[in-house]
Amino acid sequence: MRFLKTRLFAALLGPFACLSVGSDPAGAKPKIAPEDALEILMAGNQRFVAGRPMFPDQSPNRRRELAAGQKPFAIVLTCADSRVAPELYFDQGLGNLFVVRNAGNILNDHTIGSIEYAVEHLGSSLILVVGHGKCGAVGAAVAGGHAPGRIPSIVESILPAVKASAGEPGDPVDNAIRANARQVAAALAGCAPILGDAVKLGRLKVVPARYDLVTGRVEILYAQPAAPAAAKAAPAVHGEVVAHAEPAKPAAH
Ligand SMILES: [Zn+2]
Numbered sequence: 003m004r005f006l007k008t009r010l011f012a013a014l015l016g017p018f019a020c021l022s023v024g025s026d027p028a029g030a031k032p033k034i035a036p037e038d039a040l041e042i043l044m045a046g047n048q049r050f051v052a053g054r055p056m057f058p059d060q061s062p063n064r065r066r067e068l069a070a071g072q073k074p075f076a077i078v079l080t081c082a083d084s085r086v087a088p089e090l091y092f093d094q095g096l097g098n099l100f101v102v103r104n105a106g107n108i109l110n111d112h113t114i115g116s117i118e119y120a121v122e123h124l125g126s127s128l129i130l131v132v133g134h135g136k137c138g139a140v141g142a143a144v145a146g147g148h149a150p151g152r153i154p155s156i157v158e159s160i161l162p163a164v165k166a167s168a169g170e171p172g173d174p175v176d177n178a179i180r181a182n183a184r185q186v187a188a189a190l191a192g193c194a195p196i197l198g199d200a201v202k203l204g205r206l207k208v209v210p211a212r213y214d215l216v217t218g219r220v221e222i223l224y225a226q227p228a229a230p231a232a233a234k235a236a237p238a239v240h241g242e243v244v245a246h247a248e249p250a251k252p253a254a255h
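Just so you know, we're using the working numbering here: the sequence shown kicks off at 3 and counts up by one.
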């Protein structure tokens, strides 16, 4: 019954509904600062792009060590697309990434709850929301029309990004992919009490990004929360987390 009420409430609040139980967000500081976590991921992505992956933390010893417990330093929310595998494109191994995937990297109670768990109990300090080029879920939302089964629930979650990016120059699907990653990241960064408070305390950052299917490159779109006064150009591949007043322009690929 309580579950039913929660679902109903979520439906009323829309696709970016943020529901969570009460919790003390002021936990221990993460072992790896958010900026350092991002740097580690981008260094791994550079190795992947260059075709020189190190395949770290995949030994039998690492596997045995982790049986005692996990402390993933980053959370990745990304698409279920078979071509988009975070452990591969960030060149990471076992126990490093807490990965949540669904078609279109969208938010729902399960997605948010999973991410809250990783922040609250596992000490992860960075959430990367990674959309990707040629995303079929976003393409379906842009195309419109009828979808069978439960697919419409995914499409509906992406429609706000389609609307937000409508009229932008360039490819409408790619623009919506970028807008979707930004919107989802913004919603997570403000998601009270667990995620929003962790962001305010500086122990969590939420960063939207786009993965390119051809180059393997992860492009940071901009950091959360957006701070107009501190607006600067974001590094394309690695470096500091920089807030943007305006969404980054699509890069040439
Ligand atoms: Zn996709």
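Cβ coordinates follow ideal geometry from the N, Cα and C atoms, glycine included.
For residue j and residue i, the rounded distance between their alpha carbons
| i | j | result |
| --- | --- | --- |
| A183 | I156 | 14 Å |
| L215 | Y91 | 10 Å |
| L109 | R65 | 30 Å |
| S167 | V132 | 17 Å |
| P2 | A181 | Because the chain in this structure spans residues 3 to 255, residue 2 falls outside the shown range and cannot be described. |
| P252 | Q60 | Summary for P252: the model assigns pLDDT 39, below 50, so the residue's position carries little reliability; its value from the coordinates is reported in the next sentence. So the alpha carbons of these two residues sit roughly 35 Å apart. |
| I179 | R219 | 15 Å |
| G53 | N63 | 25 Å |
| M44 | P150 | 38 Å |
| V164 | P174 | 8 Å |
| I222 | V102 | 18 Å |
Cβ pair residue i, residue j closer than 8 Å
| i | j | result |
| --- | --- | --- |
| G135 | D93 | no |
| V140 | I160 | yes |
| I77 | I34 | no |
| L206 | V121 | yes |
| A82 | N104 | yes |
| C137 | G169 | no |
Inter-residue CB distance, residue i and residue j (contact presumed, cutoff 8 Å)
| i | j | result |
| --- | --- | --- |
| V208 | A187 | 5 Å |
| I117 | L197 | 7 Å |
| G95 | F50 | With a Cβ gap of about 13 Å, G95 and F50 do not count as contacting. |
Where residue i sits in the DSSP three-state scheme
| i | result |
| --- | --- |
| G133 | strand |
| K165 | helix |
| L40 | helix |
| F75 | coil |
| R184 | helix |
| F100 | strand |
| A211 | strand |
| T217 | coil |
| I114 | helix |
| L128 | strand |
| I156 | helix |
| I179 | helix |
| I222 | strand |
Interface flag, residue i vs chain E, CB-CB below 8 Å
| i | result |
| --- | --- |
| A211 | The structure shown contains no chain E; it holds only a single protein chain. |
Contact the stretch 109 to 126 vs the stretch 64 to 83: 3+ CB pairs below 8 Å: yes
Is there contact here, the stretch 134 to 151 with the stretch 192 to 208, by at least three beta-carbon pairs under 8 Å? no
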